[in-house]
Amino acid sequence: MTATAPNPLREGLESQRISDPCTIVFFGASGDLFKRMLLPSIYELRQKGTLPTNFGLIGFARSQYDDDGFRNYCKEQLEQFAYGTKPEGAMWDDFAKSIRYVTADFGDTSHFEQLKSMLDENDANLKTGGNRLYYLSTPPSVFPGIIDQIQKAGLDPRSNTKGWTRVVVEKPFGTDLASARALQTEVEKVFDESQVYRIDHYLGKEPVQDIMALRFANVIFEPIWNRNYVASVQITAAETLGVEGRGGYYDSAGALRDMIQNHVMNLLALVAMEPPATADADAIRNEKFKVFASIAAPSLADVPKMAVRGQYDAGIVDGKPVVAYRAEPDVDPHSNMETYAAVKLFVENWRWAGVPFYLRSGKRLARKVSEIAVTFKNIPHRLYGENTDAIDPNVLVVKIQPDEGVSLRFEAKVPGQKSHIRTVSMDFNYGTGFGVQSPPAYERLIADAMRGDQTLFTRWDAVQRAWEIVSPILQSWQNATPTFPNYGAGSQGPHGATQLFEDWRTL
Amino acid sequence: MSNEATAATMTFVVYVDDASIAREAAERSQALVEKHRARLVLVDATEDPSLSPEDRQAFVRERLVPGIPSVLFWAGKESIGDPNFLALNAVVDSLVLDSSRGSGGIEALRQLIEYFSQGRRYKVQDLAYLRLAPWQEMIAGFFDDPELAGDLRTIERVSIAAGSPAEQYYLLGWLASRLQWKPGSVTYTLGSRGKPRRIYDVALTSAGTTYRAALQNDDERIVCLTVEGAHAREMHCDTLHDISVVALAEQAILQPQTSDVYRATLEAARAILERTQ
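Each protein sequence line maps, in turn, to chains A and B. For the first sequence, this note's numbering gives the first residue as 17, with consecutive numbering after it. For the second sequence, this note's numbering gives the first residue as 15, with consecutive numbering after it.
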C-alpha cells in the first residue's frame, strides 16, 4: 500500500474525510439492491462532493451490457430511484464517464481477469491509485465463489501492491453458525479482518448512531442505565409489508435469521455496551462483542420459554386485504418459516444482570415501527396522585423508523386542585430538531467503507457470537412442527408473544 | 423593532437598516428561527432611525434568552464602522456578517480584519468566506491525486476572477496560509467579473501545469475542473453547492465557532491586503 502525505488544503474542510481515489466494483450490479439503494447512494455522494475526484465504478453481473449499455441502464435506474438530483446535464455526463461494466459468469476466472484489466486501466486513466473496493451485492450463496475467483485472478489484497483492497459483504453473513464459519474461512483466505466490511444497513441509520451519543454525550442517562433502574428493554423491528417479491429468499431465511440475528442484536449491543475507551472502530466493536459474550446461548430445553415464532395469515393491512404468507409468490404453500420472531435474552454482566431484553421482529404487523424502549422501574413509594391514578414507569424510546428521534415518557400533575397524575411525553424529532433529514444509511456506509472506517460494520467475532446465541432457537424450531399460521396480517403478532412478555408496546 | 416567538436553541438577533431588504430579511429570519426553534430579535433600524445605539443594545439585551447562545446577524449597510454594530456585537456571543454585502467593495473586509487585529473576540462567521467552501473543496481535490500532490509546493501564479474582492482575498489568504507562502513568492491576478458574491474562475499555475476551476458558461451550478500542461488530466465537472445567503446564514448560525483555518486565512489576507495598499 502506498503512503501519501496529507493534502494541506484539506485541513479544516467539511469533507476532510473524503476517501482516497478508488474504483468500486459492484458484484451483482444488475440486481435490485444495486439499482434501488447502492447506485442512488453513490450518485448522491457524487452530488455532495464526497466521492474522490479520481473515481471509477465497475458493474460486474450476469446481464449482458457493454459499457455504454450499462451507463444507460444506470441512468434509467437513477431516473426512477435517485432521491436527490436526477441524472442530467454535465454532472451526469461526468459521472457516466466513470462507469464501466463486465458481463460475467461468477464461475469463470477469465471474467475476473477481464475485471483486473479494467481496474488497471482505471488506475492508468482515472488515476484511481490501485485502490479497490469490492461490494458483494449478490445472493449470499455466490459469496464464496466470488471470493475464490478474486484470489485466482490476482485481485486479492496481497497481489495488489499499488493501493488498498477492501470487500463489503452484504448480510446475511451465513444462514446459520456452520455456514457463517464456512464463509468466514473463505473470506480469511483472501482478506484480513481489517479489509472486511460486513454491512448491516441498520447501523448506518442516524438514530442508531445517536444511541451512543445519547448515552455517552450526556451525563443524565448513564447513572440510571443499569439493573438498578431499568426494568426491561424492548427492541422492535416491525413491518407492515409482506415479503414483497422476495418470497424465494425469505422462505429459506425467516424473521430470526433475517432480522433478529443481525439488525436487532446489533441494536441490543449498542444499548447494553459499556462506554468504549475511545471512539475508534475497534474500541467500539470490542465493547459490542463483550455484550454478545455476556449473553448465554440458550439450551434446547429453554427455547420454548424464551422464544416465540409466528407466521401471518390473510388479513387487513392499511385498510387493504392481503394474502397469507403461504399464498405469497415463491413461498412453499406448506411453509413453516416464521415471519415473526420474539426472543427474551439476558445480558449476564454486572450492569445488566436480571434485566430482560425483549427482541421482536415481524412482517405484516399492525404498524411499521423500529424502536428501542427502555422501561424504568416503578417508583419505590407513592406520594402523588389519587389512588385510582395509574402511575406508569418512565420509558425512554429511541425511535429509528419511520419517525426518527427520542421520546421520554414521564408522569406529571394534571392542572387543578386535585393531585391527579397523568402520563405525558417529551419528544425530540431529528427532522424538526436539527432542521435536516437524516441521510440514507447506505450513503453513510459506502462512504465509510471507502474511507476505511469500520466502526459501523460488524466484526467477525460478533457475527459468530450472534449466530451461537440464535442457533439453539433455530435448531429447536427446526425440530418441532409449528401450528401456522398463527397471527392475522395487520395484528399485533401471535398470541404466544404475550406469554413471553405481557407488556409489549402496542404497534 | 419586533420580538417574536418563544425560545429554544438560540437567540437570533438580526440588524437591518436598508428598507429595500428589510421585509425579505424579516421573512427569511422568521423561516430560519422556525426551522431551528430559536427566538428572533429583529432590529429594523428603518422603523425608528432616531433610536440610539444604546437604545438598540438595551432592546436586544432585554430579549436575549438567558443560558443559550446568541448570534448577531449583521445586515447593516456599514459594518464595523457603524456604532450600532459595536453596541449590538457587545451583547451577543457570536457574529455573522457578509463582507461582500451591498456593493461588494473591499472596505468591509478591511474593517473586519482591523477589528479583530485589535484583539477583539474572534467568534465570527463571514458569509464571504463560507461562500468559498465548494471552491476550496474543488481546489483541494486537484491535489488528492498523489501524483499531483507535489505540485502544491511549486505554485507560482494564481488568478481569480470574481464579482467582488472579499472572496478573492479570502481565497488567496486561505491558499497562502495553508501552503505557507512567503510574501512575494507567488504572483496573483485578481480580475473583476460578473455578479458580486460569485467566483467565476480560479487558476493555479505551477512550474509546468495549470489547475483551473471555472463556472460553466451555460450553467452556473456546474464547475469544470481542468489540468493542463505536464500533468494534464481529463476535464471533470462538479456541482457548486448551494451558496445562497440563506443557506450560508443557516450554516453560520449552526456552527458559530471560528476555525483555526479561518483565523490563519484572515491573518494571511491581512498581509496580502497590506502589500497591495
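We treat Cβ as the ideally placed atom computed from N, Cα and C, and that holds for glycine.
Chain-ordered chain A contacts of residue i [CB-CB under 8 Å]
i                       : result
isoleucine 35 (chain B) : Per Cβ cutoff of 8 Å: no residues; isoleucine 35 (chain B) is ~23 Å from chain A at best.
arginine 273 (chain B)  : The amino acid at residue 273 (chain B) is misidentified as arginine; the sequence shows serine. Going along chain A in sequence order, the residues near serine 273 (chain B) (Cβ under 8 Å) are Gly28.
leucine 193 (chain B)   : Pro24 and Leu25
arginine 230 (chain B)  : Note that residue 230 (chain B) is glutamine in the sequence shown, not arginine. Ala106, listed in chain order.
Beta-carbon neighbours of residue i, restricted to chain B and to distances below 9 Å
i                       : result
glutamine 433 (chain A) : Neighbours of glutamine 433 (chain A) on chain B: none; closest Cβ ~28 Å, over 9 Å.
glutamate 222 (chain A) : Those within 9 Å of glutamate 222 (chain A) in chain B number zero; the least Cβ separation is about 16 Å.
glycine 65 (chain A)    : Pro148, Glu151, Met152, Gly155, Asp252, Thr253 and His255
Whether residue i touches residue j by CB criterion (7 Å)
i                       : j                          : result
glutamate 354 (chain A) : alanine 254 (chain A)      : no
leucine 146 (chain B)   : tyrosine 202 (chain B)     : no
valine 5 (chain B)      : phenylalanine 87 (chain B) : Examination of residue 5 (chain B) is not possible in this model, given that chain B is present from 15 through 291 alone.
threonine 272 (chain B) : valine 138 (chain B)       : yes
alanine 98 (chain A)    : tyrosine 59 (chain A)      : yes
valine 27 (chain B)     : serine 43 (chain B)        : no
leucine 123 (chain B)   : alanine 180 (chain B)      : yes
valine 363 (chain A)    : alanine 288 (chain A)      : yes
valine 324 (chain A)    : alanine 330 (chain A)      : no
glutamine 200 (chain A) : tryptophan 476 (chain A)   : yes
alanine 478 (chain A)   : lysine 304 (chain A)       : yes
lysine 91 (chain B)     : aspartate 165 (chain B)    : no
threonine 527 (chain A) : aspartate 216 (chain A)    : Past the edges of chain A, shown from 17 to 523, lies residue 527 (chain A), and the structure says nothing about it.
serine 220 (chain B)    : threonine 168 (chain B)    : yes
Candidates the options, of which the one nearest residue i by Cα
i                        : options                                   : result
valine 184 (chain A)     : A:Glu303, A:Leu381 and A:Gly44            : A:Gly44
alanine 505 (chain A)    : A:Leu516, A:Val486, A:Leu284 and A:Val333 : A:Val333
tryptophan 368 (chain A) : A:Ala343, A:Trp241, A:Ile462 and A:Leu490 : A:Trp241
threonine 66 (chain A)   : B:Thr253, B:Leu46, B:Thr60 and B:Met249   : B:Thr253
glycine 208 (chain B)    : B:Ala176, B:Arg226 and B:Ser220           : B:Ala176
alanine 89 (chain B)     : B:Ala40, B:Val200 and B:Leu78             : B:Ala40
glutamate 170 (chain B)  : B:Pro210, B:Tyr214 and B:Trp195           : B:Trp195
arginine 425 (chain A)   : A:Phe517, A:Arg521, A:Glu459 and A:Thr474 : A:Arg521
aspartate 469 (chain A)  : A:His350, A:Asn410 and A:Ala299           : A:Ala299
asparagine 147 (chain A) : A:Ser153, A:Asn141, A:Asp464 and A:Leu135 : A:Leu135
Span separating the alpha-carbon of residue i from that of residue j
i                        : j                          : result
arginine 277 (chain B)   : arginine 192 (chain B)     : 11 Å
lysine 132 (chain A)     : threonine 181 (chain A)    : 12 Å
aspartate 226 (chain A)  : asparagine 352 (chain A)   : 37 Å
glycine 421 (chain A)    : valine 259 (chain A)       : 27 Å
proline 37 (chain A)     : threonine 252 (chain A)    : 40 Å
valine 118 (chain A)     : valine 216 (chain B)       : 38 Å
valine 259 (chain B)     : threonine 290 (chain B)    : 29 Å
leucine 193 (chain A)    : alanine 309 (chain A)      : 15 Å
glycine 220 (chain A)    : glutamine 417 (chain A)    : 13 Å
isoleucine 489 (chain A) : proline 291 (chain A)      : 30 Å
asparagine 231 (chain B) : methionine 249 (chain B)   : 15 Å
lysine 143 (chain A)     : glycine 179 (chain A)      : 11 Å
glutamate 344 (chain A)  : glycine 326 (chain A)      : 16 Å
proline 456 (chain A)    : glutamate 61 (chain B)     : 46 Å
proline 197 (chain B)    : alanine 59 (chain B)       : 42 Å
alanine 21 (chain B)     : serine 84 (chain B)        : Model confidence at alanine 21 (chain B) stands at a pLDDT of 39, short of 50, so the residue's coordinates are unreliable and nothing is read from them.
leucine 126 (chain B)    : threonine 177 (chain A)    : 51 Å
valine 172 (chain B)     : arginine 460 (chain A)     : 36 Å
valine 280 (chain A)     : arginine 438 (chain A)     : 32 Å
serine 93 (chain B)      : phenylalanine 99 (chain B) : 7 Å
arginine 247 (chain B)   : serine 114 (chain B)       : 34 Å
aspartate 109 (chain A)  : tyrosine 150 (chain A)     : 24 Å
histidine 511 (chain A)  : proline 188 (chain A)      : 28 Å
aspartate 82 (chain A)   : aspartate 164 (chain A)    : 25 Å
Cut-off 7 Å between Cβ atoms - residues of its own chain near residue i, not counting five sequence neighbours on either side
i                          : result
alanine 282 (chain B)      : Gly187, Ala190 and Ser191
leucine 523 (chain A)      : Ala254, Leu381, Ala382, Arg383, Val385 and Gln508
phenylalanine 76 (chain A) : Val41, Phe42, Phe43, Ala45, Val118, Ala120 and Leu131
valine 74 (chain B)        : Val27, Val55, Val57, Leu102 and Val105
Cut-off 6 Å between Cβ atoms - residues of its own chain near residue i, not counting five sequence neighbours on either side
i                     : result
arginine 87 (chain A) : Ala112 and Ile115
valine 371 (chain A)  : Arg243 and Val246
Chain E within 7 Å of residue i, Cβ atoms only
i                       : result
histidine 250 (chain B) : Within the model displayed, chain E is absent; protein chains A and B are what it includes.
Beta-carbon neighbours of residue i, restricted to chain A and to distances below 9 Å
i                    : result
serine 131 (chain B) : None at all; the shortest Cβ gap to chain A is about 21 Å.
glycine 42 (chain B) : One point to set straight first is that residue 42 (chain B) is arginine, not glycine, in the sequence displayed. Under the 9 Å cutoff, chain A gives no residues; its nearest Cβ is about 14 Å from arginine 42 (chain B).
Where residue i meets chain B, residues with beta-carbon distance less than 8 Å
i                       : result
asparagine 23 (chain A) : Ala154, Phe157, Asp158, Ala163 and Leu166
asparagine 70 (chain A) : Asp158 and Asp159
proline 456 (chain A)   : Under the 8 Å cutoff, chain B gives no residues; its nearest Cβ is about 18 Å from proline 456 (chain A).
Under 7 Å by beta carbon: chain A residues contacting residue i
i                        : result
glutamate 38 (chain B)   : What glutamate 38 (chain B) touches in chain A: nothing, since even the nearest Cβ is about 20 Å away.
aspartate 140 (chain B)  : Result: empty, since nearest Cβ-Cβ is about 15 Å, beyond 7 Å.
isoleucine 213 (chain B) : The contacting residues do not exist; isoleucine 213 (chain B) stays about 16 Å from chain A at best.
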